[in-house]
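Numbering (the working numbering), first residue to last: 2 to 373.
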C-alpha cells in the first residue's frame, strides 16, 4: 500500500471538531453494540414479547452487566491501535498499515485465549494490557480462524474466502477516520484488512464501502452524499453487485414511508456483510436523533449488535460526541479506555511527528505504541 497523499493544516477548532467526531464514531458504535448485545439472536416477535410493542428501549443486561460490549467493539478498538502503530512506525521507513493492523488483531486474538495480559511480552503497548478486554464476547468463527496463525490474509489470498460475515465490516469504521488520506486509499485499506478474516468479495467490499462512508462524514460531507461516493468506488470493483444492491436498496427504502422494524427487516438480517451495512446506513439516514436511529437498528430479528454498531458509528461520526445519549454513555463498558484511545488517535493524526520525534517526552508515546 502506498503512503497517503495530501494532508491537513490543523487549527484548534479543526482539532476539536475532529476529536469530537473520532470520539463519536468509537463511542457511538460501542453504544449500538451494547444495546444489541442481549437481543441479537431474538426474533422481532420475541423482542416485542419481552420488551413491549416498541421493543427494547434501553440496555438489556448481557454478559452479566448493562452496557456490555461484544467482540465487535473489541476488534474496532484494536483497529484504532493498529492504525496508530502504523503511523508511529512510518518514522522508521516502514509503511504498510495492513501489517500493523493485522498485528493488532493478533493481539486481540491473544486476549481471547489467555486469562490476562502478560507483562513479559514486549511490544504489546497499553491497549493489550487492559484486563477487561480479555473477556470473551461471542467472537465470530471467521475472526478466530482467520487470526489463528501468523499468516496474514491478503486480497489475492484471503483468509476464509467463502465467508461473507459482517465481522470485518463492523470493525472497519476507524479506517474512515484517516481524514488526511485520499478516499480511494481509505477504501482499499478497508478491503485489505477485511481479507485478513473474511475473504468473500461481499465482505471485503462492504468493509471498504463502510470505511469510505465514514471518511466522507469525518470530512464534513452529508450521509447521503457519502453513500453515493462509496457507490461510485464500488462500481469499479469485481464482485460488487451484492454490496451495491444492498446500499441502493437502503437508500430507496428511505423514500417508502415512515421507518419501522418491518422496513429494517426488508433489508435482511444483518448476519452478512452487505446486509449489516445496509441496515446501519438506512437507520442512520432516517434517524431523528441518535437514540431513535440506534433503537431502530436494534429492534429487528437479526444481528442487532452489529447493525446498531454500524449505525452508531455513522451517527457518532456525523454529529460528534455531544450527540451521544448521556445515560447510555455513562453505563457503557470500557468508556474510559475508549475515550483514551480516541484521543490518542486524534493526537496521532494531528500532531504525530511531535509525539514521537526527538524530544525526551517521545519515550512515553513509544511505550504506549511501540515501533516493534
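Cβ atoms here follow ideal geometry from the backbone N, Cα and C, with glycine treated the same way.
_C-alpha gap between residue 280 and residue 172, whole angstroms_ = Distance between the alpha carbons of residue 280 and residue 172 is about 16 Å.
*Residues that DSSP places opposite residue 63 in a beta bridge*: 66.
*Please name the residue, chosen from 49, 198 and 307, that lies closest to residue 152 on a Cα-to-Cα basis.*
Of all alpha-carbon atoms in 49, 198 and 307, the one lying nearest the alpha-carbon of residue 152 is that of 198.
_By DSSP's criteria, residue 273 is part of a beta bridge. Which residues make up the other side?_
According to DSSP, residue 273 shares a beta bridge with 166.
*asked:* Quick check: the Cα distance between residue 72 and residue 271, rounded to an integer number of angstroms?
replied: A direct Cα-to-Cα measurement between residue 72 and residue 271 gives close to 16 Å.
*Using beta-carbon positions only, say whether residue 207 and residue 275 come within less than 8 Å of one another.*
Cβ distance < 8 Å, so residue 207 and residue 275 count as in contact.
*Could you name the residues of the same chain whose beta carbon sits closer than 6 Å to that of residue 20, not counting the 5 residues immediately before and after it, in chain order?*
Correct list, in chain order: 347.
*Report buried or exposed for residue 365, applying the criterion of at least 16 other Cβ atoms within 10 angstroms of its Cβ.*
Per the 10 Å Cβ criterion, exposed.
_Local conformation of residue 182 per DSSP, three classes_ = Three-state DSSP puts residue 182 in coil, outside helix and strand.
*Determine the closest residue to residue 1 out of 112, 316 and 48, with distance taken between C-alpha atoms.*
Given a span of 2 to 373 for the chain in the structure shown, any question on residue 1 remains unanswerable.
*Which residues in the same chain as residue 170 place their Cβ atom closer than 6 Å to its Cβ, once the five residues preceding and following it in sequence are excluded?*
Exclusion of the five residues before and after residue 170 leaves 207, 208, 211, 274, 277 and 278 as the residues of its chain whose Cβ lies within less than 6 Å of its Cβ.
_Exposure of residue 368, with buried meaning 16 or more beta-carbon neighbours within 10 Å_ = The residue in question, residue 368, is exposed, as its Cβ has fewer than 16 Cβ neighbours within 10 Å.
*Which listed residue (97, 205 and 124) has its alpha carbon closest to that of residue 157*: The shortest C-alpha separation from residue 157 is found at 205.
_The alpha helix (DSSP H) enclosing residue 197, as first and last residue numbers_ = In the DSSP assignment, residue 197 falls outside any alpha helix (DSSP H) and carries neither an H nor an E.
*Tell me, to the nearest whole angstrom, how far the beta carbon of residue 37 is from that of residue 291; I am working on the premise that it is less than 8 Å.*
Beta-carbon to beta-carbon, residue 37 and residue 291 are separated by about 15 Å, too far to satisfy the 8 Å threshold.
_Please identify the residue among 165, 59 and 125 whose C-alpha is closest to the C-alpha of residue 196._
With distances taken between Cα atoms, residue 196 lies closest to 165.
*residue 251 classed as buried or exposed, judged by whether at least 16 other C-beta atoms fall within 10 angstroms*: Label assigned to residue 251: buried.
*Is DSSP giving residue 152 helix, strand or coil here?*
In this structure, DSSP gives residue 152 a state outside helix and strand, which the three-state scheme calls coil.
_Under DSSP, the alpha helix (DSSP H) around residue 109 begins and ends at which residues?_
Start and end: 98–112.
*asked:* When you compare the CB positions of residue 309 and residue 299, do they come within less than 8 Å of one another, or not?
replied: Yes, the Cβ-Cβ distance between residue 309 and residue 299 is below 8 Å.
*Stretch pair the stretch 301–315 + the stretch 332–352: three plus CB contacts closer than 8 Å*: When C-beta atoms of the stretch 301–315 are compared with those of the stretch 332–352, fewer than three pairs fall below 8 Å, so the two segments do not count as touching.
*Rank 306, 350 and 287 by C-alpha distance to the C-alpha of residue 70 and give the top, closest one.*
Of 306, 350 and 287, the residue nearest in Cα terms is 306.
_Here's a check: name, in chain order, each residue in its chain whose Cβ is nearer than 6 Å to the Cβ of residue 236, leaving out the five neighbours to either side._
If you ignore the 5 residues before and after residue 236, its C-beta comes within less than 6 Å of no other C-beta in its own chain.
*Looking at the structure shown, is residue 1 part of a helix, part of a strand, or coil, going by DSSP?*
What the structure shows of the chain is the stretch from 2 to 373, and residue 1 is not part of that stretch, so it cannot be assessed.
*DSSP on residue 120, reduced to helix/strand/coil?*
Here DSSP, grouped into helix, strand and coil, assigns residue 120 to coil.
_Distance, residue 194 Cα to residue 181 Cα_ = Looking at the two C-alpha atoms, the distance is approximately 19 Å.
*Taking DSSP as the reference, what is the three-state secondary structure of residue 71?*
In the structure shown, residue 71 sits in coil (DSSP, three-state: anything other than H, G, I, E or B).
*asked:* Please tell me whether residue 302 and residue 263 are closer than 8 Å, where the distance is taken between their beta carbons.
replied: Cβ distance not < 8 Å, so residue 302 and residue 263 don't count as in contact.
_Burial state of residue 150, where buried means 16 or more other Cβ atoms lie within 10 Å_ = The residue is exposed, with fewer than 16 neighbouring Cβ atoms inside 10 Å.
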